[in-house]
Amino acid sequence: MRVAPAEIAALRARLPAAFGASLAVRVGRVVLAVLAVAWLVADLVWFDLTPARLWAGIGGLGKILRLMFPPSPGEQWLDILNGLAQSVAMAFLGSFLAMLIAVPLGFLGARNVVVNALAHFTIRRFFDGMRGMDQLIWALAFVRAVGLGPLAGVMAIMAAEIAILAKLFAEAIENADTRQPEAITAVGGNSVLRMRFGLLPQVAPVMLAQFLYQVESNTRSASILGVVGAGGIGLQISERIRVGYWDQVLFIIILILVMVAAIDQLSALIRRKLIGEG
Amino acid sequence: MQHSTLELRGLTRRFGAKVAVDGVTLSVPPGQMLGILGRSGAGKSTLLRMINRLIEPSAGTIRYGGADVTALTGKALRDWRSGCAMIFQQFNLIPRLDVLTNVLMGRLNHRPVLSSLFGMFSAEERAMALRALERFDLLETALRRAGQISGGQQQRVAICRALLQEPALLLADEPIASLDPHNARVVMDALRLINREDGLTVLCNLHHIDTARSYCDRIVAMQDGRIVFDGSAGELTSDRVREIYGVSEDEFHGAAMPAGDLMLA
Numbered sequence: 002m003r004v005a006p007a008e009i010a011a012l013r014a015r016l017p018a019a020f021g022a023s024l025a026v027r028v029g030r031v032v033l034a035v036l037a038v039a040w041l042v043a044d045l046v047w048f049d050l051t052p053a054r055l056w057a058g059i060g061g062l063g064k065i066l067r068l069m070f071p072p073s074p075g076e077q078w079l080d081i082l083n084g085l086a087q088s089v090a091m092a093f094l095g096s097f098l099a100m101l102i103a104v105p106l107g108f109l110g111a112r113n114v115v116v117n118a119l120a121h122f123t124i125r126r127f128f129d130g131m132r133g134m135d136q137l138i139w140a141l142a143f144v145r146a147v148g149l150g151p152l153a154g155v156m157a158i159m160a161a162e163i164a165i166l167a168k169l170f171a172e173a174i175e176n177a178d179t180r181q182p183e184a185i186t187a188v189g190g191n192s193v194l195r196m197r198f199g200l201l202p203q204v205a206p207v208m209l210a211q212f213l214y215q216v217e218s219n220t221r222s223a224s225i226l227g228v229v230g231a232g233g234i235g236l237q238i239s240e241r242i243r244v245g246y247w248d249q250v251l252f253i254i255i256l257i258l259v260m261v262a263a264i265d266q267l268s269a270l271i272r273r274k275l276i277g278e279g
Numbered sequence: 066m067q068h069s070t071l072e073l074r075g076l077t078r079r080f081g082a083k084v085a086v087d088g089v090t091l092s093v094p095p096g097q098m099l100g101i102l103g104r105s106g107a108g109k110s111t112l113l114r115m116i117n118r119l120i121e122p123s124a125g126t127i128r129y130g131g132a133d134v135t136a137l138t139g140k141a142l143r144d145w146r147s148g149c150a151m152i153f154q155q156f157n158l159i160p161r162l163d164v165l166t167n168v169l170m171g172r173l174n175h176r177p178v179l180s181s182l183f184g185m186f187s188a189e190e191r192a193m194a195l196r197a198l199e200r201f202d203l204l205e206t207a208l209r210r211a212g213q214i215s216g217g218q219q220q221r222v223a224i225c226r227a228l229l230q231e232p233a234l235l236l237a238d239e240p241i242a243s244l245d246p247h248n249a250r251v252v253m254d255a256l257r258l259i260n261r262e263d264g265l266t267v268l269c270n271l272h273h274i275d276t277a278r279s280y281c282d283r284i285v286a287m288q289d290g291r292i293v294f295d296g297s298a299g300e301l302t303s304d305r306v307r308e309i310y311g312v313s314e315d316e317f318h319g320a321a322m323p324a325g326d327l328m329l330a
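First to last, the sequence lines map onto chains A and B. In this text, residue positions in the first sequence follow this note's numbering: the first is 2, and each later residue adds one. In this text, residue positions in the second sequence follow this note's numbering: the first is 66, and each later residue adds one.
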């Protein structure tokens, strides 16, 4: 099935794009690649990242790793358990309150529910703005506003989570099958009934799955909020790092890993029970 | 690949306790267009997939031109697969890639892996692909994403991909079951064209008797994993169908086709 050169030339003349990118596109690609590499090198120079310094950093980490073994619960292990429980509670409470607010916001942010383009644009940019602020910054702000302790942590998680869940929910709703709401319209249902029976049954499992994932993810991030005084296990970690009790730090890290794994298992179980395998 | 006779001997496949294909012995001479007929679950798909070793046989042998296909491994197995091209019911294209690249996938076993990884296909290979697309009236779709064209077009793209493999055999597994009657005819015409013009041996799973009768030189009917009829299209009369399956032709189709499936009258 060899092709004669004349036929290749004829096909190339008919469909030049089928024979690879044009010269301009290829030059553009090379320029972009050069720029990317130049930026990378510039950053390495800027931060003075030499192989020797990276190697020294790894050596320093090795020293800390040696101090971590064997892990030890220390004297105040009750404080550790208390902090851990607080982190989990903060994560769940913050995520749950956020979900309550994010469900209606998600519907408002979905293009197939709020059809007005300007309204949709405004709502979605508002979500983006909220998400632009990291949980830790919210925590710092709430520690100032409501004082030290878990309340600041719960509010920080909630504030950051509302925008994330609302965006995820809105996207799930936008990707929903349009035939189901069409059926509700056809039987004479109004727009609220359309959302209730045409959209909610298909997006609810997606929403639940995303909520459970966010609870797990927030449990991990809640362990850091204590560092800035917003309650939870983070305070215990930062205190022990300050005085160099690395064996106890490792103990806490192991507990966090076990806890996150347990939550992961639990959420998988809930998902299976409520959504089913399919 | 050399054109030879395909020989199946006692080919069997078990899934747990269920026997999907039960001791099939069949000889297919080069250049034949063979229709394999049967209801869903009769073992047609399993049989076809065993031939290009997508499914491993539990027992029996496949021979082609003196080579034991069932014993092939590694490069020899990949060569065999490339020599007996497969057409799937659901087309199995890569929807995110353009039509041209999908067709070029047929060359993958004929060229160095590294240059394939970077999509560096030669001008000649591209011309081959375009020529195949032009033959089936698809040239203008060459640069569109495969997922964006119609089902009938997608199946013809899959045929182009198969042709770029330069195979000796073509295995078509229910190639028209997902298509409307018009597109089904276009695709069956295309299969017959490459059987007649390119001399490819075509094995085609079908579940509609009329399609098999009008397109195939020879028909093999299967039931419960066994061959229950083997003869020319003319020999498979309505009476024979009733004799074999114990139901009339219309009842056969009623049972063979899931609800909503379209008849190819």
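We put the CB at the ideal spot given by N, CA and C, even for glycine. Owing to the predicted nature of the structure, the values given are computational and were not obtained by experimental measurement.
Assigned secondary structure, residue i (DSSP; H/G/I helix, E/B strand, else coil)
i: R176 of chain B; result: coil
i: A18 of chain A; result: helix
i: L228 of chain B; result: helix
i: L79 of chain A; result: helix
i: R30 of chain A; result: helix
i: G279 of chain A; result: In this prediction, G279 of chain A has a pLDDT of 47, which is less than 50 and means its spatial position is unreliable; what the coordinates show is noted afterwards. DSSP places G279 of chain A in coil when its eight states are reduced to three.
i: D252 of chain B; result: Correcting the residue type first, residue 252 of chain B is Val in the shown sequence and not Asp. Correct three-state label for V252 of chain B: helix.
i: A82 of chain B; result: coil
i: M115 of chain B; result: helix
i: V259 of chain A; result: helix
i: R221 of chain B; result: helix
i: E239 of chain B; result: coil
i: M185 of chain B; result: coil
i: R74 of chain B; result: strand
i: D135 of chain A; result: coil
i: S92 of chain B; result: strand
i: G106 of chain B; result: coil
i: D202 of chain B; result: coil
i: I152 of chain B; result: strand
i: D49 of chain A; result: coil
i: R243 of chain A; result: helix
i: S69 of chain B; result: coil
i: I271 of chain A; result: helix
i: G232 of chain A; result: coil
i: I102 of chain A; result: helix
i: R210 of chain B; result: strand
i: I264 of chain A; result: helix
i: I120 of chain B; result: coil
i: I159 of chain B; result: coil
i: G110 of chain A; result: helix
Neighbour flag for residue i against chain E, beta carbons, 8 Å
i: A18 of chain A; result: The question asks about chain E, but that chain is absent: this structure's protein chains are A and B.
Distance between beta carbons of residue j and residue i, contact taken as under 8 Å
i: Q181 of chain A; j: Q211 of chain A; result: The Cβ separation is near 20 Å, so there is no contact.
i: L256 of chain A; j: I138 of chain A; result: Actually they are not in contact, since the Cβ atoms of L256 of chain A and I138 of chain A sit about 27 Å apart, beyond 8 Å.
i: R146 of chain B; j: R128 of chain B; result: Contact doesn't hold; Cβ gap of about 16 Å is too wide.
i: A153 of chain A; j: G232 of chain A; result: 7 Å
i: R210 of chain B; j: V168 of chain B; result: Actually they do not touch by this definition, with Cβ atoms about 13 Å apart.
i: A277 of chain B; j: G103 of chain B; result: With a Cβ gap of about 10 Å, A277 of chain B and G103 of chain B do not count as contacting.
i: R176 of chain B; j: S123 of chain B; result: Between S123 of chain B and R176 of chain B the Cβ distance is about 35 Å, and since that is not below 8 Å, they are no contact.
i: F294 of chain B; j: Q220 of chain B; result: The Cβ separation is near 27 Å, so there is no contact.
Neighbouring residues, chain B, relative to residue i (Cβ below 8 Å)
i: V244 of chain A; result: What V244 of chain A touches in chain B: nothing, since even the nearest Cβ is about 53 Å away.
i: V4 of chain A; result: E189, A192, M193 and R196
i: R30 of chain A; result: Ordered by position in chain B, no residue passes the 8 Å Cβ test against R30 of chain A, which lies about 13 Å from the chain.
Where residue i meets chain A, residues with beta-carbon distance less than 9 Å
i: L208 of chain B; result: L16, A18 and A19
Cross-chain neighbours of residue i in chain A, by beta carbon under 8 Å
i: L162 of chain B; result: Residues of chain A passing the Cβ test: none, with the nearest at roughly 13 Å.
i: L165 of chain B; result: A19
Under 7 Å by beta carbon: chain A residues contacting residue i
i: L137 of chain B; result: Going along chain A, no residue has its Cβ under 7 Å from L137 of chain B, so there is no contact; the nearest lies around 24 Å.
Interface residues of chain B facing residue i [CB-CB closer than 7 Å]
i: L152 of chain A; result: Those within 7 Å of L152 of chain A in chain B number zero; the least Cβ separation is about 48 Å.
Amino acids of chain B, ordered along the chain, whose beta-carbon sits closer than 9 Å to that of residue i
i: E8 of chain A; result: A192 and R196
Tell me the start and end of each unbroken alpha helix (DSSP H) in the stretch 124–149 of chain B that is at least 4 residues and wholly inside, in chain order.
139–148
Whole runs of the beta strand (DSSP E) within the stretch 143–220 of chain A, excluding any shorter than 3 residues
none
With three or more beta-carbon pairs closer than 8 Å as the criterion, would you say the stretch 131–138 of chain B touches the stretch 297–313 of chain B?
no
May I ask you to verify whether the stretch 268–278 of chain A touches the stretch 139–152 of chain B, counting CB pairs closer than 8 Å and requiring at least 3?
no
Length-filtered (3 minimum) beta strand (DSSP E) runs lying within the stretch 244–318 of chain B:
266–271, 283–288 and 291–297
Tell me, please, whether the stretch 213–232 of chain B touches the stretch 258–270 of chain B by the rule of three or more beta-carbon pairs shorter than 8 Å.
yes
Does the contact criterion of 3 or more C-beta pairs under 8 Å hold for the stretch 164–177 of chain A versus the stretch 100–120 of chain A?
yes
Are at least three pairs of beta-carbons, each pair with one atom in the stretch 106–123 of chain B and one in the stretch 283–292 of chain B, less than 8 Å apart?
yes
Count the CB pairs spanning the stretch 138–152 of chain A and the stretch 229–249 of chain A that are closer than 8 Å, and state whether there are at least three.
yes
Taking contact to mean at least 3 C-beta pairs separated by less than 8 Å, is the stretch 66–77 of chain A in contact with the stretch 245–254 of chain A?
yes
Report yes or no: do the stretch 174–192 of chain B and the stretch 244–264 of chain B share at least 3 C-beta pairs separated by less than 8 Å?
no
State whether the stretch 216–228 of chain A contacts the stretch 87–97 of chain A, with contact taken as three or more CB pairs (one from each stretch) at a distance under 8 Å.
yes
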